[in-house]
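Below: one structure, written as structure tokens.
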Amino acid sequence: MSKLELSSLYQLTMVRFRLFLREPEAIFWIFIFPILLAVGLGIAFRNRPADVLPVGSTTVELTQALAVDKGLSVKTLDLAAGMHELATGQIVLLVVGANDIGAVYRFDDTNPDARTARLLADRAIQTSEGRQQAVSTADELVHETGARYIDFVVPGLLGMNLMGSAMWGLGFSIVEARQKKLLKRMVASPMPRWQYLVSFMLSRLVMLIIEIAAFLGFARLVFGVPFRGSLAELGFLCLLTSLAFSGLGLLVASRATTTEAVSGLMNLVMLPMWILSGIFFSASRFPTIIQPVVRALPLTAAIDALRGNMLQGVNLGQEAIPVAILVAWAVIPFAISVRIFRWK
Amino acid sequence: MTNETKNGATAEVTRTTGNSASLLLRGVKKTYADVRAVDGLDLEVARGECFGLLGPNGAGKTTTIEICEGLTAPDEGTVELLGLNWLSNANELRQRIGIQLQETQFPDKLTVEETLRMFRSFFRRGISVDESIKTAQLEEKRKSRIGGLSGGQKQRLAMATALVGDPELLFLDEPTTGLDPQARRHLWDSVDELKHAGRTIILTTHYMDEAERLCDRVAIMDHGKVIALGTPQQLIASVGGEDIVEFAVVGQGTEQGTVDAAMLTAIPGVQSHRVDAGLHQLAVSEPHTVVPRIFTALTEHGLHLSEFRTHSATLEDVFVRLTGRNLRDE
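Sequence order for the protein chains is A and B. Numbering-wise, the working numbering puts 156 at position 156 of the first sequence, and it's gapless, one number per residue. Just so we're on the same page, the working numbering is the position in the second sequence counted from 1, plus 1000.
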């Protein structure tokens, strides 16, 4: 046997790897799931060419006037058929020719598409009757990478994934070993206890590299998500996030004796962060009064820092606050759990 | 001890004279909530001895063995292993003892070899992984995942994890509980080999036949106390007879036959009598002369036998005699 194979830290870490790699569900949740989620969200919120809005008109003249605008698709209908299509949502606006006032717009003003159609239709009809622009204007279209929804959501998903894999990876495995009396058996051997805990951290570290590379590589190649900050700093932020959640996972697992109990606890800890920490939308949407709580959550800090790095290209010095919050979350729960940890 | 003082002029021996025992417990007590799990225990196990802690479930065997293993701290009393104690020599002790716990479940998805390699890495010295696999007779299962092993194979693996550090003192907590008869016998053979290799073994069991088969000495425990201590032969002899006669009777007519206990104990050679669910049990010496006298006495009282058998007294009989209960009643 080589010297490495005789090292207990090496053996413990290898055991963690083997157990992880032989658990297909875990591989799915950590590697495949975030990619699927990114694909789903990327498709749902993709930037499409501006929608063409279906409208109807009751006279051929109006139809000709409306057809000039590329944003509208027009068909000529009699009033009854037009009202029916409007009611069933096949068209969003019906322009009714009227002798006394030229045209009447029928539409639902709570439907943004209908309101847009009304503006376009009105402009087309007014122009066809010879209205001139009061001020000369021009359009300039912008589809910038980094401002899209997918760019916003990728750092959020990354943070969420780092949270999930660290918490489940530590919490569940430790409690399972405790429930199966394996932890007790390990403690009855001369194994140094700190090595048991460190083996989790080491295996997380290696897994982390694969996990981040797979997810961010995918986001880069398929969606062209930008990396404006330093990659080394991004790596550091991921590591810090993972450490913070490992500490929290350890704390959650430090007393629980059944896997059912720890699963419940884990969801209880993670649920508020799924909602409040701005994975899918900005955390600043929450009322000012709860902002201090929202900001203090480790996932909010992690996602803020990741977005800052990836989207705005800010450096670590400008992210001192979220970094400090993450450091606190890495140190305090870890220190508490080492004190209260139930080895038997 | 006398041997040592005779031979032991050297400083080495004098230094260890006071604690030449592999295991020494003095006045050990442990209370859980309101249950006295261990209630004032004194034990001494000599080097190379196979010592059995025997008793029904809940007698305090596991608590006792866990106190010895340093997994549970006693409320009172002193524990000494190999002349060391858990308070000041825990790391040293962990290196020198081997432990098999009740109901440890090793990870299903690890292989036999991987598991043993991990446990081997915790010990500074010990036997090779190959050797431990061979001793546990798991060569064919070396690359198999633990999830696919039988109960007996899992127990042998548990024992192998206790042996990789080549321990001077080995603890086995109910090593055969839940195994089928063949797997039990297989495991007994393994323990035999360890005994012959001169290791000190402390095992708990609630199987009396197991203790008789394996142990040089046994302590019978009940309610956290040792109620009998000695070699299996001594304990069996203490029942007062080497053999046990069991019988049931029917009366002349229709009514259940009643037997006068005094009439039975008056028979020369009958040491004791007890009745359990209509079955009479007599401890007897020299059954070949006593049994005919029993027959005569029963016939004289107009009683007919519906059942009759004899067996050599076992530790089971010792337990019944001491506690008035059967082991498996619990």
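Glycine included, every Cβ here is placed at the ideal spot set by N, Cα and C. Keep in mind the model is a prediction, meaning the values are calculated, not measured.
In the three-state DSSP reduction, S1150 of chain B falls in the coil class, being neither helix nor strand.
Counting along the chain, no alpha helix (DSSP H) covers G1060 of chain B, and no H or E run does either. For L1071 of chain B, at least one C-beta of chain A is nearer than 8 Å to its own C-beta.
Cβ-Cβ separation between L251 of chain A and I150 of chain A: approximately 34 Å, too far for a contact (criterion under 8 Å).
Between the segment 37–57 of chain A and the segment 153–168 of chain A, the count of C-beta pairs closer than 8 Å reaches three or more; the two stretches touch.
Going by beta carbons, L12 of chain A and Q179 of chain A fall outside the 8 Å limit.
In this structure, L1071 of chain B keeps its C-beta atom at 8 Å or more from the C-beta atom of L1043 of chain B. Against chain B, a Cβ distance below 9 Å from P24 of chain A picks out nothing, because the smallest value is about 11 Å. The beta carbons of V15 of chain A and E1114 of chain B sit about 7 Å from each other, so the pair counts as a contact at 8 Å. Take D1222 of chain B, set aside five residues on each side of it, and the residues of its chain with a beta-carbon closer than 6 Å to its own are G1055, A1059, T1323, in chain order. Of A:M310, A:I101, A:T241, the smallest CA-CA separation from L297 of chain A is found for A:T241.
For T127 of chain A, the three-state secondary structure derived from DSSP is helix.
Against chain A, the CB of F1106 of chain B has a partner CB under 8 Å away; the residue lies at that interface. Residues of chain A with a Cβ closer than 8 Å to the Cβ of M1159 of chain B do not exist; the shortest Cβ-Cβ separation is about 12 Å. At a cut-off of 8 Å between C-beta atoms, K180 of chain A counts as an interface residue with respect to chain B. Here the segment 297–311 of chain A makes contact with the segment 229–248 of chain A; the two share three or more CB pairs at distances below 8 Å.
If you draw a straight line from the Cα of E1307 of chain B to the Cα of E1212 of chain B, it comes to about 27 Å. For A302 of chain A, the enclosing alpha helix (DSSP H) begins and ends at 298–307. When secondary structure is reduced to three states using DSSP, H1223 of chain B falls in the coil class, being assigned neither helix nor strand. Those residues of the segment 1172–1200 of chain B placed with their C-beta closer than 9 Å to a C-beta in chain A do not exist.
For N1091 of chain B, the neighbours in chain A by C-beta distance under 7 Å run, in chain order, P190. If you draw a 10 Å sphere on the C-beta of Y1207 of chain B, you find 16 or more other C-beta atoms in it, and that means buried. Distance from L158 of chain A to L216 of chain A at the Cβ level is roughly 7 Å; contact confirmed, criterion being Cβ atoms closer than 8 Å. By the Cβ criterion, the segment 1133–1146 of chain B is not in contact with the segment 1072–1083 of chain B, since fewer than three pairs of Cβ atoms, one from each stretch, lie closer than 8 Å. For A214 of chain A, same chain residues with a beta-carbon under 8 Å away, outside a window of 5 residues either side, are F31, I35 in chain order. Against E5 of chain A, the close residues of chain B are R1117, S1121, in the order they occur along the chain (beta-carbon pairs closer than 8 Å). Using a Cβ-Cβ distance cut-off of 8 Å, the segment 1271–1289 of chain B and the segment 1181–1194 of chain B are not in contact, since fewer than three pairs of beta carbons, one from each stretch, lie closer than that value. Inclusion of G1178 of chain B and G1147 of chain B in the CB contact set at 8 Å is not warranted, their separation being larger than that value. Excluding sequence positions up to five before and after D1216 of chain B, its CB lies within less than 6 Å of the CB of E1049, C1050, all in the same chain and listed in chain order.
The beta carbon of K1109 of chain B sits closer than 8 Å to some beta carbon of chain A. Along the segment 1124–1135 of chain B, the positions whose C-beta sits under 9 Å from a C-beta of chain A are R1124, S1128, V1129, read in chain order. Take T1111 of chain B, set aside five residues on each side of it, and the residues of its chain with a beta-carbon closer than 8 Å to its own are R1142, K1143, S1144, R1145, I1146, in chain order. Against chain A, the beta carbon of Q1095 of chain B has neighbours under 8 Å at P190, listed in chain order. Between R1199 of chain B and L1157 of chain B, the C-beta spacing is not below 8 Å.
Rounded to the nearest angstrom, the gap between the Cα atoms of G102 of chain A and S282 of chain A is 46 Å. The beta carbon of V1239 of chain B lies closer than 8 Å to those of Q1271, S1272, A1283, A1313, D1317, V1318, R1321 in the same chain, with the five residues before and after it left out.
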